[in-house]
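Per the working numbering, residue 36 is the first one in the sequence shown, and the count goes up by one each step.
Positions of the beta carbon are idealized from the N, C-alpha and C atoms, including for glycine.
So the structure is just underneath, and the comments pick up after that.
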Amino acid sequence: MHEPTVKHLLGTSALVLLAAIAAAPAQAQVATPDETAAPADDIVVTGSRIRRSPLDSDKPVVTVDQTSIARTGLTSVADVLQRLPSAAGGLNTKVNNAGNVGGPPDGTGVSSGSAEVDLRYLAAKRTLILVDGLRFVNGSAAGGIPASVDLNTLPTNMIERIEVLQSGASPLYGSDAVAGVVNIITKQSQVGLKASAQYGTYRQGDGHTQNYEASYGVQNKASGTSVVFGGNYTKQDGVSTADRKISQWPTPGATSCAAGGCSSATPGGRYDVLGGSYTLNAPVIGRNSVFPSDFRRYSSATDSWNFAPFNYLLTPSERYGAFLNFKQALSDNVNFRTKLIYTHRHSQTQAAFLPLFVGPDAGNGNLLDTISIDRTNPFNPFGVTLSSGADGTPANYSTIRRRFVEGGQRVFTQDVDTFSATMGFDGSFHVGEHKWFWDVNGVYGLNDAHQLFTGNVNAANLARALGPVANCTGACVPFNIFGGATIGGAGSITPEMLRYVTFDQRDKSLQQLWDFTANLSGELIDLPAGPIGVAIGYEHRDQYASYDPDPLIVAGLGADVPTSPARGGFNVDEIYGELRVPILKDVPFFNRLELDGAVRHSNYSSFGSNTTFTASGLWKPVPDLLLRGGFAESLRAPSIGELYAGPSRFDATIDDPCTSAPGGSFQTNATVRANCIANGVPANGSYIEPNGGQLGVFSQGNAALRPETAKTWTAGGVYSPSWGRGFSRGLSLEVNYYKIDLTNAIDSVPASLTLSRCAFNADPVSCAAVRRTPAGQVGGINGRLLNLNAIQTEGLDGTFLFRSKDVRGGTVGLMVNAAYLLKYNIVPPADLNAPVQEYAGTERGSPDQAYPRFKFNATLDWSTPGYGASFTGRYISKVDERDGIHTMGATFYGDAQVYLSPAWMDYRWRLTLGVNNIFNKAPPPCFTCQSANFDPTTYDLPGQFGYARLSFGF
């Protein structure tokens, strides 16, 4: 398949941009709020394809406007949305692990530097992202084939508002709308210039953030031309784990490795050879090490190495981009529209120096596990060949582990280009007295990602450099793995050795989207309660993706996380219809009563046909009270990565029951001991793997996957009392209930469950999924994707809105959004004979995700044209870690902001000052989390964040 470059597409887009600007008038004025409001005939709708008043929606929708975004002081759309109580968080720039612990076991790929939103804790892949009601290309970062949109590709100054539909909506929008829909509405009209510059930093003097945005709009009513275009630049500096107390050791609150969690791959080396486990007394530089005088017995408590301070707590990122929205009226009833979006991202993740593991118990799953170190290697201090057993000779060593300090830290650099082009026609016509609306749209999206990993090791060259010295000829340099190193000092691996065994790993990935839609909506006939509304439409979509790791990685010659190439695609044809029938109106106890239903039929090339439907109702017994309820079927087709991904390893933080280390069950449970011995663990108890370490889980796509299906029930009401209008401009209370039952969830059997069922129950399927080395080490756990679990969740959402009448020239407002999680259960299939996993009120850990029972955001503000202030409180209830020991306490964050907009500048300029986390609240420590001892999907980075913003035209 032809894979176009972003540079080629940008050249074409530039011509469109120039043509649009040329069509616009030469002069314009600074916009006023009324001028930027969306026109009445906008084609953007959320929650229904039939036009209606947003005040009478039969589905729960939360709206986030530009004012709400600006009040957060955040520069990422995803960061704003992840604060919604109904959102579970998701991947963001606080997540550093994505680049160095491998692909997640759910098959969604690695998206280092990306940002996503996850509604209802159902994962980002089950939340549909739309831009102006149309699909947007999925993101990636050259680490697999993810199934969700990278929200960092959407400039915030392009956004008019964001509408979040908190209900399943597949009959209206198609696949992925299981948890809900995030519809990002872009600016369709603007007059004049709007610009802003913001600088922020943490109190500790790091994590500096710069954000510069500008947009310009022109309107020509005579010609029917409307143009809005703009650009943005954002730079975020990193924060090191060494600079926050919570993340300086692998275990919260630790001051030494005796607390556990440290690495056995040390700068001094760990040498499990000739029946013993040794390390160096001190690095041996300038001469060859001598055994036994330079060595001593290795102790996990005193010799393991603290890798924690060498990671990022906040990953650095740099983004720039541009957008264009162009509309041309071709007649009184026909419009042509085009939208172009381009974003470039340069980001990094970072890990500690490469842990080099060689030997039969290394567990790499590649050539490194078969390396023998020849006795003729000039640096071998043991006087014999250390045999891996791969050549048929008995193995006499288990593993050599050496932290590759001389090669520098592992740095993963992503360069990602995202381009989207949308073109369409829309219009209206009358049939009798009824007005009909139509639109046809074409979307093309491209995400082109490249990742550079510096400092990987070529296993073939390393094997040659450690092998017989007679075979190390030409460019080969004998390798000294036995001398150790000091952090920031000298090491036994010389620059010549480094040049021979290391290489720069270059990976790439591509995602493409082609989407065509046609929609028609209008009114059929009039009933006593109003006209019957109808909408019908057609959609054809093609998606293609590829992931190409470095050829050396494909050949199994890397020393870091192994992965495999993948490519594939699918297409789908869909038709839908929606009907709204008003039943009663303006009669006692029935101010309004109406029913709505929709159905969609889909035909996928990947699995076949499917039909979903939804039905909902709205009842207003009195004008002040709206009651609603609904049922929806939803569908999520298997993503390209889930279908076609090759084997990839995820290093999960889980405990092995078969270890003889403290916390293991081998020595204390006779059943476990017998089952573990049968699985390949030595009977003498010599397998002593400390708990809290990482074990390799190998996930893989599955072309036989079937779609996930869900049933969603919703019920709720909105009370907007007329008696409140005497003292307020707006007063309303909204409460909604939801219940979602998802079946055929695509996932892999949790590795911890696989280990447990093998050890405690001798389950043959589980034991077959665990591969062990001759010494009993876990060499890998099979985690192939399956249609596996059912997910059951239910909860409550609440929203309170108040805006006063004039108070000293301004208004006082209070907005409260809250969510209460009643249940979140994962139900394994019956043949696993595993218990239901109840997650509400707990922290999952690895991958990190908290499921707090209760969350709320509340914002109190006083706003005038010239000045104002606001305070936002964010509350997260306590969660229990699933180890049965630790609890992460309730957390309350406070954010404050003030602004000044001088009247003598006609209120065009505004200076805004703010502090997020003004109370300097630290995140609760997490003992089971994969990240830096806290859950970055739920909690803020430690420290106060202050910012200043100067804006014009707002």
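Roughly how many angstroms lie between the CA atoms of Pro416 and Ile522, to the nearest whole one? Indexing the sequence shown from 1 puts residue 416 at position 381. Indexing the sequence shown from 1 puts residue 522 at position 487. Taking the straight line from one Cα to the other gives about 23 angstroms.
Reference Val512; option with closest CA among Leu935, Gly490 and Tyr535: Taking the first residue of the sequence shown as position 1, residue 512 is located at position 477. It is Tyr535 whose Cα lies nearest to the Cα of Val512.
Segment contact flag, the segment 326-343 with the segment 227-234, C-beta cutoff 8 angstroms, min 3 pairs: no
Does DSSP put Leu90 in a helix, a strand or coil? Taking the sequence shown and counting its residues from 1, the one referred to as residue 90 is at position 55. Helix, per DSSP.
If we count Cβ pairs, one from each stretch, closer than 8 angstroms, do we get three or more for the segment 794-801 versus the segment 688-701? yes
Those runs of the beta strand (DSSP E) which lie wholly inside the segment 792-879 and span at least 3 residues: 805-807, 813-819, 821-839 and 846-862
Just mark Thr598 as buried or exposed, buried being the case when its beta carbon has 16 or more other beta carbons within 10 Å. Within the sequence shown, residue 598 is the residue found at index 563, counting from 1. That one is buried.
Runs of alpha helix (DSSP H) wholly within the segment 309-368 (minimum 4 residues, chain order): 335-338
Taking buried to mean at least 16 other C-beta atoms within 10 Å of its own C-beta, is Met923 buried or exposed? Numbered from 1 along the sequence shown, position 888 holds the residue referred to as residue 923. Burial call: buried.
For Asp167 and Thr221, which I take to be in contact (beta-carbon distance under 8 angstroms), what is that distance rounded to the nearest angstrom? Sequence index remark: in the sequence shown, residue 167 carries index 132 (1-based). Sequence index remark: in the sequence shown, residue 221 carries index 186 (1-based). Contact holds; Cβ gap of about 6 angstroms.
Could you tell me whether the Cβ atoms of Ser527 and Pro318 are closer together than 8 angstroms? By 1-based counting over the sequence shown, the position of residue 527 is 492. By 1-based counting over the sequence shown, the position of residue 318 is 283. In this structure, Pro318 lies closer than 8 angstroms to Ser527 by Cβ.
For Val253, which residues does DSSP report across the bridge? Working through the sequence shown from its first residue, we reach residue 253 at position 218. Answer is Val262.
Kindly provide the ranges of any alpha helix (DSSP H) runs that are 4 or more residues long and lie completely inside the segment 488-516, ordered along the chain. 494-501
Between the Cα of Thr269 and those of Ser352, Gln201, Arg332 and Val217, spot the shortest distance and give me the residue it belongs to. Position 234 of the sequence shown, counted from the start, is the residue given in the question as residue 269. Selected option, being the one with the closest Cα: Ser352.
Is it true that the CB of Tyr479 sits closer than 8 angstroms to the CB of Val308? As a first step, residue 308 must be located in the sequence shown, where it is residue number 273. As a first step, residue 479 must be located in the sequence shown, where it is residue number 444. Cβ distance not < 8 angstroms, so Val308 and Tyr479 don't count as in contact.
Whether Phe30 touches Gly632 by CB criterion (8 angstroms): Residue 30 cannot be examined here, being either before or after the span of the chain that is shown, 36 to 989.
Can you tell me whether Glu531 is buried or exposed? The criterion is at least 16 other CB atoms within 10 Å of its CB, across all chains shown. The residue labelled residue 531 in the question sits at position 496 within the sequence shown. With fewer than 16 other Cβ atoms within 10 Å, it is exposed.
In the DSSP assignment, the alpha helix (DSSP H) including Ile588 goes from what residue to what residue? Residue mapping note: residue 588 aligns to position 553 of the sequence shown, counting from 1. First-last of the alpha helix (DSSP H) with Ile588: Pro586 to Val589.
By a C-beta neighbour count over all protein chains shown, 10 Å radius and 16 as the cutoff for buried, is Ala122 buried or exposed? To locate residue 122, count along the sequence shown from 1; it is residue 87. Buried, since its Cβ has 16 or more Cβ neighbours within 10 Å.
Could you pull the start and end residues of the alpha helix (DSSP H) that Glu531 belongs to? The residue given as residue 531 occupies position 496 in the sequence shown. Where Glu531 is concerned, the enclosing alpha helix (DSSP H) stretches over Pro530 to Val536.
What does DSSP give as the partner residue(s) for Trp473 in the beta ladder? On the sequence shown, residue 473 is found 438 positions in, with the first residue counted as 1. Paired residue(s): Gly462 and Leu555.
Confirm, please, whether the CB-CB distance from Val216 to Leu165 is below 8 angstroms. Within the sequence shown, the letter at position 130 stands for residue 165. Within the sequence shown, the letter at position 181 stands for residue 216. Yes, they are a contact pair.
Nearest CA to the CA of Arg945: which residue from Leu985, Glu873, Leu559 and Ser881? Stepping through the sequence shown from its first residue, residue 945 is reached at position 910. Ranking the options by Cα distance to Arg945, first place goes to Leu985.
Span of the alpha helix (DSSP H) holding Ser205? Position 170 of the sequence shown, counted from the start, is the residue given in the question as residue 205. Ser205 to Tyr208 is the span of the alpha helix (DSSP H), which, as asked, contains Ser205.
Quick check on DSSP: helix, strand or coil for Thr191? Your numbering for residue 191 matches position 156 in the sequence shown. The answer is helix: DSSP assigns Thr191 an H, G or I state.
Pairwise C-alpha distance: Val112 and Arg87: The residue given as residue 87 occupies position 52 in the sequence shown. The residue given as residue 112 occupies position 77 in the sequence shown. One C-alpha to the other measures close to 27 angstroms.
Leaving aside the five residues before and after Ser324 along the sequence, list all residues of the same chain whose C-beta is less than 6 angstroms from its C-beta, in chain order. The count along the sequence shown starts at 1 and reaches residue 324 at position 289. The answer, listed in chain order, is Pro416, Phe517 and Gly518.
Does the Cβ-Cβ distance between Gly179 and Tyr582 come in under 8 angstroms? As a position in the sequence shown, residue 179 is number 144, starting the count at 1. As a position in the sequence shown, residue 582 is number 547, starting the count at 1. A contact, by the Cβ cut-off of 8 angstroms.
Is it buried or exposed, Gly509, if we count other Cβ atoms within 10 angstroms and call 16 or more buried? Position 474 of the sequence shown holds residue 509. Per the 10 Å Cβ criterion, exposed.
Do you know how far the Cα of Ala825 is from the Cα of Ala865? Mapped onto the sequence shown, residue 865 falls at position 830. Mapped onto the sequence shown, residue 825 falls at position 790. Taking the straight line joining both Cα atoms gives about 11 angstroms.
In whole angstroms, what separates the C-alpha of Ser298 from that of Asn131? Along the sequence shown, read from residue 1 onward, the residue named residue 298 stands at position 263. Along the sequence shown, read from residue 1 onward, the residue named residue 131 stands at position 96. Those two C-alpha atoms are separated by around 18 angstroms.
Cβ neighbours of Leu389 in the same chain (closer than 8 angstroms, five flanking residues each side left out): The count along the sequence shown starts at 1 and reaches residue 389 at position 354. Within the same chain, Leu389 has close Cβ partners Arg438, Phe439, Gly442, Arg445, Gly490, Asn491, Val492, Ala594 and Asp595.
Go ahead and pull the three-state DSSP assignment for Arg684. Residue numbering aside, residue 684 sits at position 649 when the sequence shown is read from its first letter. Strand.
Return the CA-CA distance between Phe264 and Phe454, expressed in angstroms with no decimal places. Position 229 of the sequence shown holds residue 264. Position 419 of the sequence shown holds residue 454. In a straight line, the C-alpha of Phe264 is about 15 angstroms away from that of Phe454.
Whose CA, out of Ala177, Leu421, Gly304 and Leu836, lies closest to the CA of Ser755? In the sequence shown, the residue the question calls residue 755 occupies position 720. Taking only the C-alpha atoms, the option nearest Ser755 is Leu836.
Check whether the segment 721-740 touches the segment 673-680, counting contact only when three or more Cβ pairs, one atom from each stretch, lie closer than 8 angstroms. yes
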